[in-house]
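Everything below concerns the one structure shown next.
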Amino acid sequence: MFLRLAAGGTGRLRRLIFVLVALFFFLVDGRALLGWIDLRVPLRPGQFRSLVDDFRQTSVSVLVATIGTAAIQTATALVGYLIARAPNVLFLTLATFVVALIPAVGGAFGTKIDLYPEYVLLAALAQKVGRPVKWAETRRENYAATTQGRDHVTYVEAGATGVEIVVDPWPSDHHAVVSTFSVVGLPGPSMIVAEPRVVEQGEPVLLRFNAAGTPVGAARGAMDAFMERLPGRAITYTDYTEQSAAPVTHLNVAEASLIIDSADAHMRIAARILDHPTDGTVSFLERVKGRAHVTYLTGLSRQAVDILFFSSGASSIQHSVPIQRFQRDMQALANHAIMHAPTGNEIYGRVLCGLQPHTLII
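In my numbering, the protein residues as written are 10 to 371.
Right, here's the structure in full:
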């Protein structure tokens, strides 16, 4: 055990030394290295340096934006710490900044960059009762409350005691909606409604329907990349000196083209649902149906790209061959939870059979 630990430590130390040595020479002779590469890469003179400059500007912009976002999140959290009279405010503030700076942990993309009413509610309640207050919610409640889910039809009943908040997202009869401010005794509007209150915002719905064009565009791009590479290519270990003369190529290209046309048709159906809803606004069923068309066309586009990629030979996995990028991007897109075809089919089928969709992301 000791020998393994010692060997592992020695390997890490060796790699660290190599990194430091390489960093030293990059800093000392970096410009000369860029000039040497610029003369030898198969690009126009100066194009490589232009790409490096663009990369540097983009990197600086991303770094500044990330630090700025983390600073804003930290400042917001600091206000909450001060309101709640949290101990060790300096440590909590520094820890918040570090966590917000690391996208995989607490910052950057998604629903974590917004200020939610419950943040204010918890801080005010903690100050009022003189001790910490914990917010607990189920996965479904989180979907209903976050920014990405606020366009959904949501029925909410909420109330608060001195130390506990109770939220029922699916009350059956009457529905009370009480504002955060009135719950904690602060000035602000309160509202009691006897009928379900429907809250709808169109942007997330628009974004989901708008995503339909991406997989279709990727499939068309894969077709263009395949056709550009086709002339002059042989089929290895066969008598076909021209891949374009082989019947298997004809079958694959035709099938991929027809599948892309089918995906395009589903895209246009989804667009019509959004542009011309039956009653002026996109209904619940139309949302489900539109999402099903988007996910189904994503699956079709994936099939078309796979057909073309698998017809491109083993050499197509090289980074210099464009179709491999289409194939990898299409796999990532089709595996996304919102774009996953079987999931969209299941949700649509449940609704058609009279059941709840089993998700709030519609």
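For each residue, glycine too, the CB sits at the ideal point set by N, CA and C.
Taking all protein chains shown into account, decide if residue i is buried (16 or more other Cβ within 10 angstroms of its Cβ) or exposed.
i, result
"Lys-298", "buried"
"Pro-351", "exposed"
"Glu-295", "buried"
"Gln-66", "exposed"
"Leu-25", "exposed"
"Gln-365", "exposed"
"Thr-287", "exposed"
"Leu-103", "exposed"
"Val-291", "buried"
"Ser-181", "Bear in mind that a pLDDT of 39 at Ser-181, under 50, signals an unreliable position, so the number given afterwards is only what the model happens to contain. It is exposed - the Cβ of Ser-181 has fewer than 16 other Cβ atoms within 10 Å."
"Ile-326", "exposed"
"Thr-304", "buried"
"Ala-234", "buried"
"His-345", "exposed"
"Ala-203", "Caution applies to Ala-203, whose pLDDT of 34 falls short of 50 and renders its modelled position unreliable; the value that the coordinates give is listed next. Exposed."
"Val-360", "buried"
"Val-225", "buried"
"Arg-217", "buried"
Is the Cβ-Cβ distance between residue i and residue j less than 8 angstroms?
i, j, result
"Arg-300", "Ile-371", "yes"
"Ala-272", "Leu-306", "yes"
"Leu-110", "Ala-84", "no"
"Ser-310", "Met-339", "yes"
"Ile-268", "Ala-313", "yes"
"Arg-58", "Leu-43", "yes"
"Leu-131", "Val-138", "no"
"Leu-239", "Gln-252", "yes"
"Ala-279", "His-302", "yes"
"Gly-55", "Asp-47", "yes"
"Gly-308", "Ala-343", "yes"
Got a sec, what are the start and stop residues for the alpha helix (DSSP H) residue i sits in?
i, result
"Arg-65", "56-93"
"Arg-311", "293-319"
"Thr-352", "350-361"
"Ala-279", "256-284"
"Thr-102", "98-110"
"Ile-371", "That residue, Ile-371, is in no alpha helix (DSSP H); it is neither H nor E in DSSP."
"Ala-233", "Note that residue 233 corresponds to Asp in the displayed sequence, not to Ala. Note, Asp-233: alpha helix (DSSP H), 222-238."
"Pro-51", "Premise fails: Pro-51 is in no alpha helix (DSSP H) and is neither H nor E."
"Ile-332", "331-344"
"Gln-136", "126-138"
As a quick exercise: from the options, pick the residue whose alpha carbon is nearest that of residue i.
i, options, result
"Gln-336", "Arg-242, His-285, Ala-228", "Ala-228"
"Thr-368", "Leu-361, Gly-353, Leu-239", "Gly-353"
"Ala-9", "Met-348, Arg-40, Val-107", "Residue 9 falls outside the range modelled here, since the chain spans only 10 to 371, and no answer is possible."
"Thr-105", "Ala-93, Ile-81, Pro-126", "Ile-81"
"Trp-144", "Thr-155, Ala-133, Gln-136, Glu-127", "Glu-127"
"Leu-134", "Asn-97, Leu-361, Tyr-90", "Tyr-90"
"Thr-245", "Asn-219, Ala-323, Glu-237", "Ala-323"
"Thr-258", "Met-236, Leu-283, Met-276, Thr-155", "Met-236"
"Asp-284", "Gly-20, Ala-263, Asn-219, Val-225", "Asn-219"
"Ile-76", "Val-108, Arg-148, Asp-62", "Val-108"
"Met-276", "Gly-241, Thr-223, His-328, Gly-289", "Thr-223"
"Asp-315", "His-328, Ser-329, Arg-334", "Arg-334"
"Ile-356", "Leu-29, Phe-293, Phe-319, Phe-34", "Phe-293"
"Val-129", "Thr-19, Val-88, Leu-22, Ala-74", "Val-88"
"Val-140", "Gly-358, Glu-150, Arg-148, Ala-95", "The sequence shown places Arg at residue 140, not Val. Nearest option by C-alpha distance: Ala-95."
"Ser-329", "Val-98, Phe-34, Pro-51", "Pro-51"
Between residue i and residue j, which are expected to be in contact by the criterion C-beta below 8 angstroms, what is the C-beta distance as a whole number of angstroms?
i, j, result
"Ile-332", "Ala-231", "6 angstroms"
"Gln-136", "Ala-86", "Rounded, the Cβ-Cβ distance is 15 angstroms, inconsistent with contact."
For residue i, verify whether its CB is less than 7 angstroms away from any heavy atom of the ligand ZN.
i, result
"Leu-22", "As for the ligand ZN, it is missing from this structure, which has no ligand bound."
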